[in-house]
Amino acid sequence: MKTGLALLTFAFAAACAPQKDAGITVIAREMAFEPGEIHAARGKSIRVALENRGTVLHDWNVSGLKADGPAPSPHAAHSGHLDHAHPASQPPAAIHAMAEPGRTASLEFKPLEAGTYEYYCSVPGHREAGMRGILIVH
Ligand SMILES: [Cu+2]
Numbered sequence: 026m027k028t029g030l031a032l033l034t035f036a037f038a039a040a041c042a043p044q045k046d047a048g049i050t051v052i053a054r055e056m057a058f059e060p061g062e063i064h065a066a067r068g069k070s071i072r073v074a075l076e077n078r079g080t081v082l083h084d085w086n087v088s089g090l091k092a093d094g095p096a097p098s099p100h101a102a103h104s105g106h107l108d109h110a111h112p113a114s115q116p117p118a119a120i121h122a123m124a125e126p127g128r129t130a131s132l133e134f135k136p137l138e139a140g141t142y143e144y145y146c147s148v149p150g151h152r153e154a155g156m157r158g159i160l161i162v163h
């Protein structure tokens, strides 16, 4: 809990202070993300804190975005990447955070291409039920 509070405080401070890294908090609950649209700048690091205010596990994934520096996912095995081989030179994009109910998970990445990308929860049925939004890279 203390960690979650600290992350929230950090995200708030980052949004209000002239720091180089932008911080955004995305709230997950059944069955939506809040906000449903976030913005980022190409070539600039962005920190996203996924705050799960719901009662079940939720995660946050960005579809098709090329980015640098996503933190290595400690639970990559759950995503099915072990089921098939990827060329070693092109690891799968891992813009992914997962939070248990009441917890906050954060990740930092640097978008490399402008565009509009969908983000979604990959828990079965959640995306279809409305847990999605768009990330706009300028
Ligand atoms: Cu979900």
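Taking my numbering, the leading residue of the sequence shown gets 26, the next gets one more, and so forth. For glycine and all other residues, C-beta sits at the position ideal for the given N, C-alpha and C.
- Taken from the Cβ of residue 151, at least one heavy atom of ligand 1 lies inside 7 Å.
- For residue 128, DSSP assigns no beta-bridge partner whatsoever.
- Look at residue 151 here: in three-state DSSP terms it is helix.
- For residue 72, the enclosing beta strand (DSSP E) begins and ends at 71-77.
- One Cα belongs to residue 62, the other to residue 158, and the distance between them is close to 6 Å.
- The Cβ atoms of residue 90 and residue 131 lie no closer than 8 Å to each other.
- For residue 62, the enclosing beta strand (DSSP E) covers residues 62-65.
- At a threshold of 7 Å, residue 122 does not count as near ligand 1, since its beta carbon sits no closer than that to any of the ligand's heavy atoms.
- Taking the Cβ of residue 83 as the reference point, at least one heavy atom of ligand 1 falls within a distance shorter than 7 Å.
- Contact annotation, residue 67 with residue 139: C-beta distance approximately 5 Å; criterion of less than 8 Å satisfied.
- If you look at residue 80, you'll find it isn't in any beta strand (DSSP E); DSSP assigns it neither H nor E.
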